Ligand SMILES: Cc1ncc(C[n+]2csc(CCOP(=O)(O)OP(=O)(O)O)c2C)c(N)n1
């Protein structure tokens, strides 16, 4: 259903029964971001600030939407939505300090402008990639819904941002799950310099609501009373009857995308048309005409704001430049993990497969944490592609065991949103290969949030990976190196059922985002005696699976088993076999102790050769342990091709067949 509100060429205001006080309050709210911005433009010309994204002409949307929300409802604004921040009463000096990269801002100088969130004010700021926050809003809304809180979540995008896949995925998920998300498109005519007819083909973006089965409305975004009234009405109805609603606000960007870029590409007639529809000037005229506001009062309000701004600016400008150190910066990359290691109480062990260990860890974690939700494709009735969650639906119900549409990006974003409202999420990638479709939110949103503004992403992404099952280039990759390079992520890669169970439970306890690799070839082939109850293992500790003093062999995942098999076939070799278990954080101490003892190192990974984690380990051994080495560090990895399908080709690809020769070569050096 699409409703089209008043879109005439003049702004006509209707009181909707509001008192004079309410109308004046809305005027003050609308005026404030304008006055701040005019000051910022002045400071920019004076060289006192460096960059500015103008929202002049669009203020009625941010202000009207935020005014219609309850104070504990989340809002996810964009770079032009200063009005969201003023409406939520964020202190001006903190905002200014944020823009100037100072300590009283919200990111300790680590991110700029509006790229931050604050739980205190229930504002979750954007990342530069525009689209991901749409799915994050879905996650917050889902968290509200699961807690049975009658709250909505509002999220903004420009019309340019609607071309991103994130927009489609987020609307679709919100529709399928009936999430109370208010999707607000600010259609301001241009995405940087690209006009709407080069961005999309439909007449109105609101028309897209129909395709998702979502109610949508077109709103004159320059009319504060239209915005406020429509959003108030829709929001109340969404609280009672949770569902997404799509709003397309028609408006215009009166200045450049950012100040330096200018607006040469905008035809003059468009500017003058929208100048006549200026949201502040028109509303002021209406209030003056109706004798609700006097010119004297208007002057008073303006000077009150000017004084407040000057005081706050003084505070910011007198604040010292930010100081830090390597240690302080590194210390904020991860949230502190306060979870204690839990030891097993079980008196008996049971021999189980690797896959059973994964299922048990998930099952016991679901019992332990009632705020834990598992999401993934086909994981509910079907039990997942590998049957890891078979039976979970009957035990934990559809709300906590969630089949998802095929949209890895949105689901990772949903997991992030749930973490923002105090849930834990486990996301199952059907195959680790498909994580590429959810790559952006993992490496840019989840990984960086704690460092940027102190928000941890309590999310585990399960990654069934690896070769040996003849599944070809898109179902066999071991893609841990895509993530080990990104600060902020933890990467775990166990090789044994005991480790898999304890480390998956530990990953779920850990508030940081964890990529948890599960080698498919181990799922049903390897068995081990494992305690049946709940226990956790320390993340970041390698295990020495076999000891010896002649050579250190370092590996993780399936190759650990290949190495152990080879050692069974060569007599008399005394090798330390280190199973890393955790790639980030990396246990270099265990490596160091072993190399001190053996002086020889063989590194074995299933990853293709260039840029593996083994390259870093090799470099570090060379740098730090050179004096202990009796031979060059030897690396073994798969060849630099995509992983092929046919068994014979897979054998050529993998390093398995080269292990014995490499071992003897290093020993003989
Ligand atoms: C994924 C991505 N691609 C490109 C950009 C560069 N970029 C920043 S803002 C912008 C235009 C956005 O247009 P729109 O969504 O309409 O918002 P507006 O700036 O008009 O308010 C572009 C292309 C980006 N930030 N992220």
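In my numbering, the protein residues as written are 20 to 688. Note that the Cβ used here is the ideal one computed from N, Cα and C, for glycine as well. As the structure is a computational prediction, the values presented were derived from the model and not from experiment.
Discussion item. Would you say the beta carbon of residue 148 is closer than 7 Å to some non-hydrogen atom of ligand 1?
Written reply: Locating residue 148 in the chain shown gives position 129, where the first residue counts as 1. Residue 148: yes, Cβ under 7 Å from ligand 1.
Item to complete: May I have the straight-line CA-CA distance separating residue 675 from residue 578, to the nearest angstrom?
Response: On the chain shown, position 656 is the one that residue 675 refers to. On the chain shown, position 559 is the one that residue 578 refers to. Rounded to the nearest angstrom, the two C-alpha atoms are 7 Å apart.
Practice prompt. Please state if the CB of residue 392 and the CB of residue 408 are separated by a distance shorter than 8 Å.
Written response: Locating residue 408 in the chain shown gives position 389, where the first residue counts as 1. Locating residue 392 in the chain shown gives position 373, where the first residue counts as 1. Going by C-beta atoms, residue 408 is not nearer than 8 Å to residue 392.
Worksheet item: Measuring CB to CB, does residue 428 end up less than 8 Å from residue 154?
Response: Counted from its first residue, the chain shown places residue 428 at position 409. Counted from its first residue, the chain shown places residue 154 at position 135. Yes, Cβ-Cβ distance for residue 428 and residue 154 is below 8 Å.
Worksheet item: Do three or more CB pairs link the stretch 462 to 472 to the stretch 559 to 566 at distances below 8 Å?
Response: no
Fill in: Rounded straight-line distance, which links the Cα of residue 202 to that of residue 20
In the chain shown, counting from the first residue as 1, residue 20 sits at position 1. In the chain shown, counting from the first residue as 1, residue 202 sits at position 183. Below a pLDDT of 50, predicted positions are generally treated as unreliable, and residue 20, at 45, falls in that range; the measurement from the model is reported next regardless. Each residue's alpha carbon lies about 15 Å from the other.
Discussion item. By DSSP's criteria, residue 203 is part of a beta bridge. Which residues make up the other side?
Written reply: For the purposes of this step, residue 203 is taken as the residue at position 184 of the chain shown. Paired residue(s): 175, 266.
Item to complete: Kindly list the residues whose CB is nearer than 6 Å to the CB of residue 399, restricted to its own chain and excluding five residues on each side of it in sequence; keep chain order.
Response: Translated into the one-based positions of the chain shown, residue 399 becomes position 380. The answer, listed in chain order, is 412, 420, 422.
Worksheet item: For residue 653 versus residue 602, is the C-beta distance shorter than 8 Å?
Response: Working through the chain shown from its first residue, we reach residue 653 at position 634. Working through the chain shown from its first residue, we reach residue 602 at position 583. Not a contact, by the Cβ cut-off of 8 Å.
Worksheet item: How many Å lie between residue 117 and residue 71 at the Cα?
Response: The residue labelled residue 117 in the question sits at position 98 within the chain shown. The residue labelled residue 71 in the question sits at position 52 within the chain shown. In a straight line, the C-alpha of residue 117 is about 13 Å away from that of residue 71.
Worksheet item: Is it right to say residue 99 is buried, meaning 16 or more other beta carbons lie within 10 angstroms of its own, or is it exposed?
Response: Here the question's residue 99 lines up with position 80 in the chain shown. Residue 99 is classed as buried because its beta carbon has at least 16 other beta carbons within 10 Å across all chains shown.
Item to complete: Go to residue 377, then tell me how far its alpha helix (DSSP H) extends in each direction, as first and last residue.
Response: To locate residue 377, count along the chain shown from 1; it is residue 358. It spans 373 to 387 - the alpha helix (DSSP H) in which residue 377 sits, taken as one unbroken run.
Worksheet entry | Beta-bridge pairing of residue 536 - partner residues as DSSP gives them | Reading the chain shown from its first residue, position 517 is the one you call residue 536. 482.
Worksheet item: Does the beta-carbon of residue 274 have 16 or more other beta-carbons within 10 angstroms, so that it is buried, or is it exposed?
Response: To locate residue 274, count along the chain shown from 1; it is residue 255. It counts as buried.
Fill in: beta-carbon residue 176 near ligand 3 non-hydrogen atom, thresh 7 Å
As presented, the structure is devoid of ligand 3, carrying ligand 1 as its sole ligands.
Item to complete: Could you tell me the distance, in whole angstroms, from the CA atom of residue 120 to the CA atom of residue 68?
Response: In the chain shown, counting from the first residue as 1, residue 120 sits at position 101. In the chain shown, counting from the first residue as 1, residue 68 sits at position 49. Whole-angstrom Cα-Cα distance: 10 Å.
Fill in: Limits of the alpha helix (DSSP H) - the one that residue 467 falls within
To locate residue 467, count along the chain shown from 1; it is residue 448. Looking at the DSSP string, the run of the alpha helix (DSSP H) that includes residue 467 is 466 to 472.
Fill in: heavy atom of ligand 1 below 7 Å from residue 209 C-beta
For the purposes of this step, residue 209 is identified with residue 190 of the chain shown, where counting begins at 1. Answer for residue 209: yes, Cβ within range of ligand 1.
Worksheet item: Out of curiosity, what's the CA-to-CA distance linking residue 506 and residue 165?
Response: Counting from one through the chain shown, the residue named residue 506 turns up at place 487. Counting from one through the chain shown, the residue named residue 165 turns up at place 146. Here the alpha carbons of residue 165 and residue 506 stand approximately 31 Å from one another.
Item to complete: For residue 293, I'd like the list of residues in its chain whose CB is within less than 7 Å of its CB, leaving aside the five on either flank, ordered along the chain.
Response: Here the question's residue 293 lines up with position 274 in the chain shown. Only 76, 271, 273 meet the Cβ criterion.
Worksheet entry | Cβ-Cβ separation, residue 535 to residue 526 (assumed contact under 8 Å), whole Å | The residue you call residue 526 lines up with position 507 of the chain shown. The residue you call residue 535 lines up with position 516 of the chain shown. Indeed they touch by this definition, with Cβ atoms about 5 Å apart.
Practice prompt. Can you tell me the Cβ-Cβ gap for residue 441 and residue 162, rounded? I've got them flagged as a contact below 8 Å.
Written response: Numbered from 1 along the chain shown, position 422 holds the residue referred to as residue 441. Numbered from 1 along the chain shown, position 143 holds the residue referred to as residue 162. Confirmed, Cβ separation roughly 7 Å.
Fill in: Entirely enclosed alpha helix (DSSP H) segments - the stretch 297 to 385, minimum 4 residues
298 to 308, 314 to 337, 345 to 350
Fill in: Length of the line joining the Cα atoms of residue 542 and residue 588
Residue 542 sits at position 523 when you count from the first residue of the chain shown. Residue 588 sits at position 569 when you count from the first residue of the chain shown. Approximately 24 Å, taken between the alpha carbons.
Worksheet item: By how many angstroms is the C-alpha of residue 338 removed from the C-alpha of residue 516?
Response: As a working note, residue 516 is residue 497 in the chain shown. As a working note, residue 338 is residue 319 in the chain shown. Using only the alpha carbons, I get a separation of about 54 Å.
Worksheet item: What are the boundary residues of the beta strand (DSSP E) that residue 162 is part of?
Response: To locate residue 162, count along the chain shown from 1; it is residue 143. That residue, residue 162, is in no beta strand (DSSP E); its alpha helix (DSSP H) goes 151 to 165.
Worksheet item: Which residues bound the alpha helix (DSSP H) around residue 236?
Response: As a working note, residue 236 is residue 217 in the chain shown. It is not in any alpha helix (DSSP H) - residue 236 instead sits in the beta strand (DSSP E) that spans 234 to 239.
Worksheet item: Between the C-alpha atoms of residue 332 and residue 268, what's the straight-line distance to the nearest angstrom?
Response: On the chain shown, position 313 is the one that residue 332 refers to. On the chain shown, position 249 is the one that residue 268 refers to. Near 32 Å, if we compare the C-alpha coordinates of residue 268 and residue 332.
Practice prompt. Reducing DSSP to helix, strand and coil, say where residue 20 ends up.
Written response: Here residue 20 refers to the residue found at position 1 of the chain shown. Any answer about residue 20 is weak, because its pLDDT of 45 lies below 50 and its placement is not dependable; what the coordinates show is given next. Coil at residue 20, not helix or strand.
Item to complete: Please list, in chain order, all residues of the same chain as residue 565 whose beta carbon is under 6 Å from its beta carbon, the five residues on each side excluded.
Response: Translated into the one-based positions of the chain shown, residue 565 becomes position 546. Only 596 meet the Cβ criterion.
Worksheet entry | residue 434, enclosing alpha helix (DSSP H) - first and last residue | Within the chain shown, residue 434 is the residue found at index 415, counting from 1. Unbroken alpha helix (DSSP H) run through residue 434: 427 to 439.
Discussion item. Suppose you measure from the CA of residue 352 to the CA of residue 342; what does that come to, to the nearest Å?
Written reply: As a first step, residue 352 is located in the chain shown; it is residue number 333 there, counting from the start. As a first step, residue 342 is located in the chain shown; it is residue number 323 there, counting from the start. Here the alpha carbons of residue 342 and residue 352 stand approximately 17 Å from one another.
Worksheet entry | DSSP bridge partner residues for residue 402 (one or two, in chain order) | Within the chain shown, the letter at position 383 stands for residue 402. Answer by DSSP bridge pairing: none, since residue 402 is not bridged.
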